[in-house]
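Participant: Submitted below is the structure of interest, expressed as structure tokens.
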Amino acid sequence: MKYSIILPILATTVLAAPLVEQRQDAACTIPTTFPTTTNAKLPNPFKFFNGKDVTTKAEFACRQQEVSAALQAQELGDFPKKPTVSATFSGSSLAITSTDGGKSVSFSVSIKKPSGNGPFPAIIAYGAPSIPVPASIATITFNNDDIGQQTGSGSRGKGKFFDLYGSGHSAGATTAWAWGVDRIMDALESTTGHGIDPKRVGVTGCSRNGKGAFVAAALVDRIALGIPQESGSGGAACWRISDSEKAKGKNIQTSGEIVGENVWFSKKFDAFSTKSSTLATDHHQLAGLVAPRGLIVIENEIDWLGPVSTTACMKAARLIYKSLGVPDNMGFTGSGNHNHCSFPSNQQADLTAYLNKFLLNTDANTANIERGPAGADAATYIDWTPPTLT
Ligand code: MCU
3 MKYSIILPIL ATTVLAAPLV EQRQDAACTI PTTFPTTTNA KLPNPFKFFN GKDVTTKAEF
63 ACRQQEVSAA LQAQELGDFP KKPTVSATFS GSSLAITSTD GGKSVSFSVS IKKPSGNGPF
123 PAIIAYGAPS IPVPASIATI TFNNDDIGQQ TGSGSRGKGK FFDLYGSGHS AGATTAWAWG
183 VDRIMDALES TTGHGIDPKR VGVTGCSRNG KGAFVAAALV DRIALGIPQE SGSGGAACWR
243 ISDSEKAKGK NIQTSGEIVG ENVWFSKKFD AFSTKSSTLA TDHHQLAGLV APRGLIVIEN
303 EIDWLGPVST TACMKAARLI YKSLGVPDNM GFTGSGNHNH CSFPSNQQAD LTAYLNKFLL
363 NTDANTANIE RGPAGADAAT YIDWTPPTLT
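My numbering puts the sequence shown at residues 3 to 392.
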């Protein structure tokens, strides 16, 4: 099948339902310690750490909170509570000041808007977007490196996030950047004149910044659509599957390698880096934190990114969306091999469908988008049956 020829003519029906759903405010009991028992299979997204089954959507919302806490405790580092935020918009620049514990840091993002008055949907792009952003969607350029440096293992604790919270703060760079995205959302909500609809904001980045976009979509629940591109290990890949692929002789990035290469993850992750099977979670559940919001995962069959790992992991993630009754809110597109972070035309229709549905509020068919190498199935890596949550 060819995807490159013509984009479908798009219907312009405005969807009535809000696409950003706030997580339920159910009273959840969140543990402060998390299991480290060995489990070679991908952990069960539908079993609380206390062993109780998740049977309802409300319970799953609580499960998301404990999964987020576990990811922060073992991998990501702490995601701080909202500081005091003030913002001003002028020209094309949104300037944001965050104050906590008597200290302040400021950063700005630039907004490139469609012509007209809006309000417009927008995509927050880490660095510069490596996907084609349609003219009808604004681009918010976010200098994530300014918030958390990522120039190798020596850059830990550097950047504005760490100026505010201290160089010893546990956050890895991806968590620090997600904090920046959270502040951009605060600023969009609290200022006027920028012409952006805060209910229709996506986040993208490629490669290392794709890991960042994935973590931001997971931690910031005001993001309507996550668009991580070629995030590979640390993003769309599951640590356990990457280790099993490595054992089969693949040239694939693993947790054991990643902790030495850069500071994308917390120092807390070091304890698990060579024993990923003891993590309480895996990255199908990072995607599960985005649910039921929109998520289109863009990949590439470069060995280092782990095409079997990203495909099987994201297929497991789609089981979570299916259990929640929203299978079409998450897709995975990654067939073929192409230059890293160059966006191939055979992924355009999948991306367009997601942008239409989640940012442009137009009708689009996002059903069953699961494209990756043959033979990468979730069933090999799971020992649980996804329930239908009530
Ligand atoms: C895919 O993202 C990373 C990868 O994890 C690193 O190992 C490699 O060094 O750089 C990739 C990247 O960010 O390329 C731009």
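We treat Cβ as the ideally placed atom computed from N, Cα and C, and that holds for glycine.
Spatial neighbours of S108 within its chain, please: C-beta separation below 6 angstroms, excluding the five flanking residues on both sides.
Facilitator: Closer than 6 angstroms at Cβ, skipping near neighbours: T99.
Participant: Cβ-heavy atom distance between Q255 and the ligand MCU below 6 angstroms?
Facilitator: yes
Participant: Just verifying my parser: in three-state terms, what is the DSSP assignment at G237?
Facilitator: coil
Participant: When burial is assigned at 16 or more other CB atoms within 10 Å of the CB, is G168 buried or exposed?
Facilitator: exposed
Participant: I think I32 touches A75, with their Cβ atoms under 8 angstroms apart; what is that distance to the nearest whole Å?
Facilitator: The Cβ separation is near 11 angstroms, so there is no contact.
Participant: Between G170 and the rest of its own chain, which residues show a CB-CB distance below 8 angstroms, the 5 nearest in sequence each way excluded?
Facilitator: G159
Participant: Tell me, to the nearest whole angstrom, how far the beta carbon of V299 is from that of P230; I am working on the premise that it is less than 8 angstroms.
Facilitator: 6 angstroms
Participant: Check whether the Cβ atoms of V203 and A180 sit closer than 7 angstroms, and answer yes or no.
Facilitator: No, these two residues do not count as a Cβ contact at 7 angstroms.
Participant: Straight-line CA distance for F345 to I133?
Facilitator: Each residue's Cα considered, the two are about 6 angstroms apart.
Participant: Please find out if some non-hydrogen atom of the ligand MCU comes closer than 6 angstroms to the beta-carbon of S1.
Facilitator: Residue coverage of the chain in this structure runs from 3 to 392, which leaves residue 1 outside it and unanswerable.
Participant: Select from I243, D184 and G195 the residue whose C-alpha is nearest the C-alpha of A220.
Facilitator: D184
Participant: By how many angstroms is the C-alpha of P136 removed from the C-alpha of K324?
Facilitator: 29 angstroms
Participant: Quick check: G2 and A215, are their CB atoms within less than 7 angstroms of each other?
Facilitator: Missing from the structure shown is residue 2; the chain here goes from 3 to 392 and no further.
Participant: Tell me whether A63 is buried or exposed, calling it buried when 16 or more other Cβ atoms sit within 10 Å of its Cβ.
Facilitator: buried
Participant: Does S92 pass the burial test, meaning 16 or more other C-beta atoms within 10 Å, or should it be called exposed?
Facilitator: exposed
Participant: From V292 to D223, what distance separates their C-alpha atoms?
Facilitator: 7 angstroms
Participant: Could you check the C-alpha separation between K84 and F274 for me, to the nearest Å?
Facilitator: Taking the straight line joining both Cα atoms gives about 28 angstroms.
Participant: Apart from the five residues on each side of it in sequence, which residues of its chain come closer than 6 angstroms, Cβ to Cβ, to G120?
Facilitator: G197
Participant: Using the three-state DSSP reduction, which class does R185 fall into: helix, strand or coil?
Facilitator: helix
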